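A.B. asks: Take this structure, written in structure tokens, and hold onto it; I'll ask about it next.
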Amino acid sequence: MQYLIKNAMVYMDKELTKLDVLIKGKKIKRIEKEIDTSDATVIDAEGMHLFPGFIDLHAHLRDPGNTYKEDIVSGTKSAARGGFTSVCAMPNTDPITDNIASVEYMQLRAKEHGHAKVYVIGALTKQSKGEEISEMATMKSGGIVGVSDDGWCVQDARLMLSCLRYAANFDIPVIVHPEDYALAGKGQINSGRIATKLGLSGITPLAEEVIIARDIMLAESAGARLHIAHISTVGALELVRNAKTKGLPITCEVTPHHLVLNDEACLDFDTNTKMKPPLRSERDRLACVQALKSGLIDCVATDHAPHADFEKEREFDQAPFGIIGFETAFGILYESLVLSGEIPLSTLVDSLTKNAARILRLPGGEIKTGVAADLTLIDLNATTTHTKDNILSKSKNSPWLNKTIASRVKYTFMNGKITYQDSEDD
Ligand code: DOR
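What the sequence shown shows, in our numbering, is residues 3 to 428, in sequence order.
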């Protein structure tokens, strides 16, 4: 199969140039000013932008075990609608992905039925219980790209040190969900004025920062690669800045929602504003935006966390933590940060593509001849309204439900195949 994408503004090396792109089989065959061929299906991309397929280091696909919320097929369809061509699946499935058979199940299912490339993150500890090191070396031979107990956090510093040493031996990156349980307590949202006003118990930024400080020290001692998931506070950024200044191999990601919303979004008790870490103060949000701009934050990752309506439509303190993220990630960031002039388009695109790929050494993230045709074609002048009917995730737990957002994904290609094509007429 061949596709000829004509007259797109093609994003390469931070530049946008009007070009034609020929896809042949799985790869990008040619990128030129004018390509003429009668063998290819032509896509008129006049006025549209062609970006490398987005890469998400942090998603919950819920498969196996909680497939009423999401499964590998629906999750990757949702990813493709958001322009993603690669996603990393967190291991908090049921059973937990802590052994090679579970890793192989996900890989096989994704390969046969997926609409995006799925890279598996194995559990850091057995059953993510934070008691014993997982079989991470065996899982690495099966192709995991990192280990994490995301959703949970190893509380025992001695065990964490052993995990980091073990991971370092096999050169496996460790992804930490930084949360000290005693400090977080039964908190529902960020601690502070809004929590007090709503009568909800708060989660102090210290719950995140204490673990980041601990794990940076432990990772340094172990010589391990540490990636910090969903960073969200001024203090956490300071710790990462110090670690990077020392030259330690520490990286971090931020979610789209922590870049766009603050804890005031919780004021009407919408459980789709409840997640971990919680939405923080405006000061924290602004610090995250600045850190993304300066490169202190390495990439954006969605933390796509589907939950069913019956779970989210409950009293605030009974609802689970988490929101979906694939389908709105680019649009909300483009609208809130790029159109407003807070960050350049190149910062947004790089943080969703090559910068993310670099952290877990994944392929992809750039448009050039000879590489896999993982691409997303976006109309930046159009808009998307997200409704329960058109969201492709099985779950609809998004603060942007029924909202209209700038930009619209028109096509997504993975290995030269169309994985999403805009067919909506709204
Ligand atoms: O809000 C969250 N939900 N944060 C996490 O780290 C886990 C996730 C989930 O799995 O639902």
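Where is the CB? At the ideal position from N, CA and C, for every residue including glycine. Only a predicted model underlies this, so the values are computations on that prediction, with no experimental measurement involved.
1) With the cut-off set at 7 angstroms, would you say residue 42 and residue 9 are in Cβ contact?
2) Hey, how far is the Cα of residue 44 from the Cα of residue 37?
3) Can you tell me where the beta strand (DSSP E) holding residue 388 begins and where it ends?
4) Measuring CB to CB, does residue 131 end up less than 7 angstroms from residue 172?
5) Going by beta carbon distance, what residues of the same chain come within less than 7 angstroms of residue 375, once the five residues before and after it are set aside?
6) Since residue 90 is in the alpha helix (DSSP H), which residue starts that stretch and which ends it?
7) Under 6 angstroms from any heavy atom of the ligand DOR, does the C-beta of residue 162 make it?
8) What does a CB cutoff of less than 7 angstroms around residue 283 pick up in its chain, not counting 5 residues either side in sequence?
9) What is the rounded straight-line gap between the Cα of residue 387 and the Cα of residue 405?
10) Is any heavy atom in the ligand DOR found nearer than 6 angstroms to the beta carbon of residue 209?
11) Can you tell me which of the three DSSP states residue 135 falls into?
12) Identify the residues that DSSP records as bridge partners of residue 5: which are they?
13) Could you check where the alpha helix (DSSP H) with residue 148 kicks off and where it finishes?
14) Take the Cβ of residue 235 as the centre, count every other Cβ of all protein chains shown within 10 Å, and call the residue buried at 16 or more, exposed below.
15) Could you tell me the distance, in whole angstroms, from the CA atom of residue 209 to the CA atom of residue 156?
16) Where do the ends of the beta strand (DSSP E) carrying residue 60 lie?
17) Return the Cβ separation of residue 232 and residue 279 in integer angstroms, given the expectation that the two are a contact with Cβ distance under 8 angstroms.
18) Could you tell me if residue 275 is buried or exposed, where buried requires 16 or more neighbouring beta carbons within 10 angstroms of its beta carbon?
19) If you compare alpha carbons, which of 161, 315, 251 is closest to residue 323?
20) By the three-class DSSP mapping on this structure, what secondary structure does residue 159 have?
21) Return yes when the C-beta of residue 153 is under 6 angstroms from any heavy atom of the ligand DOR, and no when it is not.
22) Assign residue 412 to buried or exposed, taking buried as 16 or more other Cβ atoms, counted over all protein chains shown, within 10 Å of its Cβ.
23) Report all residues from its chain with a CB closer than 6 angstroms to the CB of residue 271; omit the five preceding and five following residues, and keep chain order.
24) Tell me which residues share the same chain as residue 257 and place their Cβ nearer than 6 angstroms to its Cβ, disregarding the 5 neighbours each side in the sequence.
25) Comparing the CB of residue 62 with every heavy atom of the ligand DOR, is any distance shorter than 6 angstroms?
26) Between the beta-carbon of residue 149 and the beta-carbon of residue 126, is there less than 7 angstroms?
27) Could you round the C-beta distance between residue 222 and residue 250 to whole angstroms and report it? I think they count as a contact, below 8 angstroms.
28) Count the C-beta pairs between the region 377-394 and the region 47-62 that are closer than 8 angstroms, then say yes if the count reaches three, no if not.
C.D. replies: Reading from the atomic positions:
1) no
2) 11 angstroms
3) Bounds of any beta strand (DSSP E) do not take in residue 388, whose DSSP letter is neither H nor E.
4) no
5) These residues qualify, in order along the chain: 25, 28, 29, 30, 415, 417, 418.
6) Run containing residue 90: none in the alpha helix (DSSP H); it sits in the beta strand (DSSP E), 86-91.
7) no
8) For residue 283, the CB contacts under 7 angstroms within the same chain, skipping 5 residues up- and downstream, are 192, 194, 264, 265 in chain order.
9) Taking the straight line joining both Cα atoms gives about 6 angstroms.
10) no
11) strand
12) According to DSSP, residue 5 shares a beta bridge with 25, 43.
13) Where residue 148 is concerned, there is no enclosing alpha helix (DSSP H), although the beta strand (DSSP E) it sits in stretches over 148-150.
14) buried
15) Whole-angstrom Cα-Cα distance: 13 angstroms.
16) Per DSSP, residue 60 is one residue of the beta strand (DSSP E) stretching across 56-61.
17) 6 angstroms
18) buried
19) 315
20) helix
21) yes
22) Label assigned to residue 412: buried.
23) 318
24) 232, 305
25) yes
26) yes
27) 6 angstroms
28) With the cut-off at 8 angstroms, the region 377-394 and the region 47-62 touch.
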